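S.K.: Let me give you the structure first, and then I'll get to my questions.
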Amino acid sequence: MRVEKIGVIGGGLMGSGIAQVAAYHGLDVTLVDVNQARVDRAIEAIKGRLQREAERGRISAEAAEAAAHRLRGSADIDELTSVARAEAVIEAVVEDLEVKTRIFRQLGRVCRPDALLASNTSSLPLSDLAAASGRPERVIGLHFFNPPWALKLVEIVSTASTTEETLQDALQLCQQLDRVTVQVKDTPGFIANRLLVPFIFDAIELLQTGVASAEDIDLACRVGLNHAMGPLATADLIGLDTLKAIAESMFEEYGEPRFKAPTLLRRLVSLGYLGRKTGRGFFRYT
Ligand code: NAI
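Its first residue numbered 8, the sequence shown is counted upward by one per residue in my numbering.
Pasting the structure below:
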């Protein structure tokens, strides 16, 4: 199935990035968020990024403009005839099982019967979302990486009810979006976060026990381990609230201390220091 129209639910860091990638690759995109202000903010953010990419010569000005024209937004899934007609929908709302379950129930009601229903969840049980949709055979995980316009990996996550046809449709969609894919079963954290989250938590432990400064922890990883980004800057990029939510579901599932959110992470989230998106996390951003 070739996708021409796609719905993206959630216009935050990931949803807006996925919508941008889809529009850039020629798909008509409808982006849905909780209210019109958030929808407008997401679409403005995408247009701004497309423009900057064009100014830096990474994409042509024509491609940026064409992508911007393929974007529309709405604050209501139910009223969206365009999502109802979309061949695929990617959900990228907050990492909260209750919210996501409600959305999959809604998607099962409003989307065309053969639509591919995907979630960008990092750690929540996809099987629960599949069951809520009422059409579990069409539900699959498409776990994009942050930021989606720069990182090409997608982890494709199958549940026990995902059919081969659904997997093939997901692979084709990823090909349309020029993604590199890996396939993985429905397990908390899949491949990348299962490895990354305990690593970031060890870095936070080093910081909270005063072993080294945030700057030096990240510098050691960048220069000594040749990582593109240090673990604390990576945490700030992910969003500390999202990281905490990912940790909570991984800890609940695995019960292992290495997945438990460190105290300092929880305290920063309580203070509203959520990383880059709020201008302050482990580091400050202007
Ligand atoms: P975010 O906090 O930047 O954005 C979440 C968005 O969801 C907000 O715009 C919010 O208004 C919207 N939202 C909440 N409830 C909604 C509803 N009922 N209907 C429509 N929109 C709703 O979060 P972020 O970082 O974009 O994460 C979204 C998903 O992507 C999560 O499942 C997360 O685990 C996953 N993810 C996050 C990555 C990251 O590095 N931040 C990387 C890969 C996946």
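Glycine is no exception: its CB is placed at the ideal position from the N, C-alpha and C atoms.
Note that the structure is a prediction, hence the values are computed from the model and not measured.
Name the residue from Arg273, Leu174, Leu158 whose alpha carbon lies nearest to the alpha carbon of Ile211.
M.R.: As a first step, residue 211 is located in the sequence shown; it is residue number 204 there, counting from the start. The shortest Cα separation from Ile211 among Arg273, Leu174, Leu158 belongs to Arg273.
S.K.: For Val100, name the three-state secondary structure that DSSP assigns.
M.R.: One-based indexing of the sequence shown puts residue 100 at position 93. Coil at Val100, not helix or strand.
S.K.: Would you check whether ligand 1 has a heavy atom nearer than 8 Å to the C-beta of Leu20?
M.R.: Indexing the sequence shown from 1 puts residue 20 at position 13. For ligand 1, at least one heavy atom lies less than 8 Å from the Cβ of Leu20.
S.K.: Quick one, are the C-beta atoms of Arg109 and Leu124 less than 9 Å apart?
M.R.: Here residue 109 refers to the residue found at position 102 of the sequence shown. Here residue 124 refers to the residue found at position 117 of the sequence shown. No, Cβ-Cβ distance for Arg109 and Leu124 is not below 9 Å.
S.K.: List the residues that DSSP assigns as beta-bridge partners of Phe151.
M.R.: As a working note, residue 151 is residue 144 in the sequence shown. According to DSSP, Phe151 bridges with Val161.
S.K.: Please state if the CB of Met21 and the CB of Asn153 are separated by a distance shorter than 9 Å.
M.R.: Numbered from its first residue, the sequence shown carries residue 153 at position 146. Numbered from its first residue, the sequence shown carries residue 21 at position 14. Yes.
S.K.: If I follow the unbroken beta strand (DSSP E) through Ser126, where does it start and stop?
M.R.: As a first step, residue 126 must be located in the sequence shown, where it is residue number 119. Element bounds for Ser126: 123 to 126.
S.K.: Can you list, in chain order, the residues of its chain whose CB lies under 8 Å from that of Asp112, leaving out five sequence neighbours each side?
M.R.: As a first step, residue 112 is located in the sequence shown; it is residue number 105 there, counting from the start. The question names Asp, yet the displayed sequence has Arg at residue 112. Once the five neighbours on either side are set aside, the close Cβ partners of Arg112 are Ala139, Ser140, Gly141.
S.K.: Could you tell me the distance, in whole angstroms, from the CA atom of Val10 to the CA atom of Ile207?
M.R.: Residue 10 sits at position 3 when you count from the first residue of the sequence shown. Residue 207 sits at position 200 when you count from the first residue of the sequence shown. Those two C-alpha atoms are separated by around 36 Å.
S.K.: Spell out a yes or no on whether the region 65 to 78 and the region 34 to 54 are touching, meaning 3 or more CB-CB pairs, one atom from each, closer than 8 Å.
M.R.: Verdict: yes, contact present.
S.K.: Report yes if the C-beta of Thr285 is less than 8 Å from at least one heavy atom of ligand 1; otherwise report no.
M.R.: Here residue 285 refers to the residue found at position 278 when the sequence shown is read from its first residue. Checking the Cβ of Thr285 against ligand 1 gives no.
S.K.: For the alpha helix (DSSP H) that contains Leu214, what are its first and last residues?
M.R.: If you number the sequence shown from 1, residue 214 lands on position 207. Here the alpha helix (DSSP H) through Leu214 covers 199 to 215.
S.K.: Measure the CB-CB distance between Lys107 and Glu94 and report whether it falls below 9 Å.
M.R.: Within the sequence shown, numbered from 1, the residue matching residue 107 stands at position 100. Within the sequence shown, numbered from 1, the residue matching residue 94 stands at position 87. It is not a contact, given that the beta carbons lie outside the stated cut-off.
S.K.: Mind checking whether the beta-carbon of Ser126 lies closer than 8 Å to any heavy atom of ligand 1?
M.R.: On the sequence shown, position 119 is the one that residue 126 refers to. Yes, since a heavy atom of ligand 1 falls inside the 8 Å radius drawn around the Cβ of Ser126.
S.K.: Identify the continuous beta strand (DSSP E) that holds Ser81 and give its terminal residues.
M.R.: Sequence index remark: in the sequence shown, residue 81 carries index 74 (1-based). It spans 78 to 81 - the beta strand (DSSP E) in which Ser81 sits, taken as one unbroken run.
S.K.: Answer yes or no: do Ser198 and Leu178 have a C-beta to C-beta separation smaller than 9 Å?
M.R.: Residue numbering aside, residue 198 sits at position 191 when the sequence shown is read from its first letter. Residue numbering aside, residue 178 sits at position 171 when the sequence shown is read from its first letter. Checking the sequence shown, residue 198 turns out to be Ile, not Ser. For Ile198 and Leu178, no; Cβs fall outside 9 Å.
S.K.: According to DSSP, is Ala13 part of a helix, a strand, or is it coil?
M.R.: Sequence index remark: in the sequence shown, residue 13 carries index 6 (1-based). Checking the sequence shown, residue 13 turns out to be Ile, not Ala. DSSP places Ile13 in strand when its eight states are reduced to three.
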